[in-house]
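Beneath this line is the structure, given in structure tokens, with notes to follow.
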Amino acid sequence: MPPGQNQSWVSEFILRGFSSDPTTNRALFSAFLLLFLSSVLGNGLIITLICLDTHLHTPMYFFLCILSLLDMGCVTTTVPQMLVHLLSRSQTISFAGCWLQMCIFGAVGLTECILFVVMAFDRYVAICYPLRYTVILSWGLCTRLSAGTWACGFFFSLIHTFFTMRLPYCGPNMVNHYFCEGPSVRNLACVDTHVIEMVDSVISVFMVVAPLSLILASYICISQAIFKIKSMQARCKAFSTCASHLTVITFFYAPAIYIYMKPNSRYSPERDKQISLFYNVFSALLNPVVYSLRNKNIKGAFLKVMGKSRVIC
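Just so we're on the same page, the numbering used here is the position in the sequence shown counted from 1, plus 7.
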């Protein structure tokens, strides 16, 4: 828009969602409500079990507890509003609400990116230095690592949100997404967005490429250590503990890389909405399933809690 021309600044956005058909929206509401409740209950159960069972008070389960907390934060930031919009005629979100949603979702997601590196380091120490595991990963170090992941996540999310939301938005205001995701909102800006795209690329290098490189390096060392184990049973157990982590990483990083590291010229709203469901909704649902079904300690803690509740009853 030429300088000096009147601009009508956007005060709210309209989240287009998945469909405008009421029948389809009702079906989507039921499906996403079930996924949301399953994610919250599953992750909440893991947090509860880890807090109640003293046998699970180890660094590995401490980080798993944080992962479950992040997953709950991820779905509660976006899905409840999407559920409301699926049943209501109004699909608006205020500019401040969009700012807040983008910031919190970004902070939780970026924190999770770094947490996966910490969890890979935990597996590296457990397998390569089993006798020194509790010495190396002391509670002081675990607390500092946890605080560091949260601090980095919020710091880079604030940078991303600040640069995105300070762009001039003078219409249209319809976001072709089900929540205020950075690339979708940025597409509505009425100025060139190359600078913010460069900023996002730098953030992606620090928060996606670097963590993935560290995870890969950790698992190369882990694989070398596992192949040196003579006992086949111990080798399978070591691979099993890593398999859960690798499964969760794949479902989280693969769609996130596609969304945030592709050029803006390849932006496809409909495809991006569908893919974002994997690292937003399905990943949060997958984590408790993977870690509970494959983990004997988690299942043991659940049976123990259920046994105590029956005795009390």
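Even glycine gets a Cβ: it sits at the ideal position worked out from N, Cα and C.
Can a CB atom of chain D be found closer than 8 Å to the CB of residue 221?
Here there is only one protein chain, and chain D is not present.
Can you tell which of 254, 265, 222 and 162 has its C-alpha closest to the C-alpha of residue 297?
Taking the first residue of the sequence shown as 1, we reach residue 297 at position 290. Cα-wise, what sits closest to residue 297 is 254.
How close, in whole Å, do the beta carbons of residue 267 and residue 198 come, if the pair is a contact with beta carbons under 8 Å?
The sequence position of residue 267 within the sequence shown is 260, counting from 1. The sequence position of residue 198 within the sequence shown is 191, counting from 1. The pair is not a contact, with the Cβ atoms about 21 Å apart (cut-off 8 Å).
Could you please give the first and the last residue of the uninterrupted beta strand (DSSP E) stretch that includes residue 99?
Here residue 99 corresponds to residue number 92 of the sequence shown, with the count starting at 1. Start and end: 99 to 101.
Considering residue 259, what are the terminal residues of the alpha helix (DSSP H) in which it resides?
As a working mapping, residue 259 is identified with position 252 in the sequence shown. Note, residue 259: alpha helix (DSSP H), 239 to 268.
Straight-line CA distance for residue 97 to residue 79?
Here residue 97 corresponds to residue number 90 of the sequence shown, with the count starting at 1. Here residue 79 corresponds to residue number 72 of the sequence shown, with the count starting at 1. When rounded, the distance between both Cα atoms is 26 Å.
DSSP-derived helix/strand/coil call for residue 144
Looking up residue 144 in the sequence shown gives position 137. Residue state, collapsed to three classes: coil.
So the beta strand (DSSP E) residue 22 belongs to, where does it begin and stop?
For the purposes of this step, residue 22 is taken as the residue at position 15 of the sequence shown. Its beta strand (DSSP E) spans residues 19 to 22.
Do residue 222 and residue 256 have their CB atoms nearer than 8 Å?
Translated into positions along the sequence shown, residue 222 becomes position 215. Translated into positions along the sequence shown, residue 256 becomes position 249. Annotated as proximal: residue 222 and residue 256, with beta-carbon spacing under 8 Å.
Just to confirm before moving on: does the CB-CB distance between residue 203 and residue 171 stay below 8 Å?
The residue you call residue 203 lines up with position 196 of the sequence shown. The residue you call residue 171 lines up with position 164 of the sequence shown. Contact flag set, yes.
Report all residues from its chain with a CB closer than 8 Å to the CB of residue 45; omit the five preceding and five following residues, and keep chain order.
Stepping through the sequence shown from its first residue, residue 45 is reached at position 38. The answer, listed in chain order, is 292.
Figure out for me which residue from 25, 120, 51 and 65 has the closest Cα to the Cα of residue 261.
By one-based count along the sequence shown, residue 261 stands at place 254. Taking only the C-alpha atoms, the option nearest residue 261 is 120.
Measuring alpha carbon to alpha carbon, tell me which residue in 112, 186, 173 and 85 is nearest residue 196.
Numbered from its first residue, the sequence shown carries residue 196 at position 189. With distances taken between CA atoms, residue 196 lies nearest to 173 out of 112, 186, 173 and 85.
Suppose you measure from the CA of residue 129 to the CA of residue 277; what does that come to, to the nearest Å?
The count along the sequence shown starts at 1 and reaches residue 129 at position 122. The count along the sequence shown starts at 1 and reaches residue 277 at position 270. The alpha-carbon atoms of residue 129 and residue 277 are separated by roughly 38 Å.
Figure out for me which residue from 295, 209, 93 and 113 has the closest Cα to the Cα of residue 72.
As a first step, residue 72 must be located in the sequence shown, where it is residue number 65. Residue 295 is the option with its Cα nearest to residue 72.
Would residue 289 and residue 258 qualify as a contact pair, given that the criterion is a beta-carbon distance under 8 Å?
One-based indexing of the sequence shown puts residue 289 at position 282. One-based indexing of the sequence shown puts residue 258 at position 251. Here residue 289 is near residue 258, since their CB atoms are less than 8 Å apart.
Apply the 10 Å Cβ neighbour rule to residue 279 and answer buried if 16 or more other Cβ atoms are within range, or exposed otherwise.
For this step, residue 279 is matched to residue 272 along the sequence shown. Its Cβ being crowded by 16 or more others within 10 Å, residue 279 is buried.
Residue closest to residue 104, alpha-carbon to alpha-carbon, out of 115, 85, 122 and 118:
Here residue 104 refers to the residue found at position 97 when the sequence shown is read from its first residue. For residue 104, the nearest C-alpha among the options comes from 85.
Nearest-angstrom Cα separation, counted from residue 139 out to residue 185:
In the sequence shown, residue 185 corresponds to position 178, counting from 1. In the sequence shown, residue 139 corresponds to position 132, counting from 1. Answer to the nearest angstrom: the Cα atoms are 47 Å apart.
Taking all protein chains shown into account, do 16 or more other C-beta atoms lie within 10 angstroms of the C-beta of residue 113, making it buried, or fewer, making it exposed?
Your numbering for residue 113 matches position 106 in the sequence shown. Buried.
Let me confirm a value: residue 13 is counted as buried when at least 16 other C-beta atoms fall within 10 Å, else exposed. Which label applies?
As a position in the sequence shown, residue 13 is number 6, starting the count at 1. Low local confidence applies: a pLDDT of 40 at residue 13 is under 50, so the model's placement there is unreliable, and no value is given.
Does residue 10 come out as helix, strand or coil in the three-state DSSP assignment?
Within the sequence shown, residue 10 is the residue found at index 3, counting from 1. Low confidence applies here, because residue 10 scores a pLDDT of 43, under 50, leaving its location unreliable and the question unanswered by this model.
Straight-line gap, residue 67 to residue 176 (C-alpha atoms, nearest Å)
By 1-based counting over the sequence shown, the position of residue 67 is 60. By 1-based counting over the sequence shown, the position of residue 176 is 169. Looking at the two C-alpha atoms, the distance is approximately 45 Å.
Count the other CB atoms within 10 Å of the CB of residue 19; is the residue buried (16 or more) or exposed (fewer)?
Taking the sequence shown and counting its residues from 1, the one referred to as residue 19 is at position 12. A residue is called buried once 16 or more other Cβ atoms fall within 10 Å of its Cβ, and residue 19, having fewer, is exposed.
If you draw a straight line from the C-alpha of residue 218 to the C-alpha of residue 283, how long is it?
As a first step, residue 218 must be located in the sequence shown, where it is residue number 211. As a first step, residue 283 must be located in the sequence shown, where it is residue number 276. The C-alpha of residue 218 lies about 20 Å from the C-alpha of residue 283.
Ignore the nearest five residues each way along the sequence and tell me which others in residue 1's own chain have a CB closer than 7 Å to its CB.
Look at the range of the chain in this structure, 8 to 320, and you will see that residue 1 is not part of it.
If you draw a straight line from the C-alpha of residue 52 to the C-alpha of residue 200, how long is it?
In the sequence shown, the residue the question calls residue 52 occupies position 45. In the sequence shown, the residue the question calls residue 200 occupies position 193. Answer to the nearest angstrom: the Cα atoms are 43 Å apart.
Is residue 156 closer than 8 Å to residue 118 when the C-beta atoms are compared?
Your numbering for residue 118 matches position 111 in the sequence shown. Your numbering for residue 156 matches position 149 in the sequence shown. Cβ distance < 8 Å, so residue 118 and residue 156 count as in contact.
In the DSSP output, what is residue 181 paired with across the bridge?
Translated into the one-based positions of the sequence shown, residue 181 becomes position 174. Residue 181 has 21 as its beta-bridge partners, per DSSP.
Leaving out five residues on either side along the sequence, give the residues of the same chain with a beta carbon under 8 Å from the beta carbon of residue 26.
Position 19 of the sequence shown, counted from the first residue, corresponds to residue 26. The answer, listed in chain order, is 32 and 35.
Measuring straight from C-alpha to C-alpha, what distance separates residue 154 and residue 48?
Residue numbering aside, residue 154 sits at position 147 when the sequence shown is read from its first letter. Residue numbering aside, residue 48 sits at position 41 when the sequence shown is read from its first letter. Taken atom to atom, the span from the alpha-carbon of residue 154 to that of residue 48 is near 25 Å.
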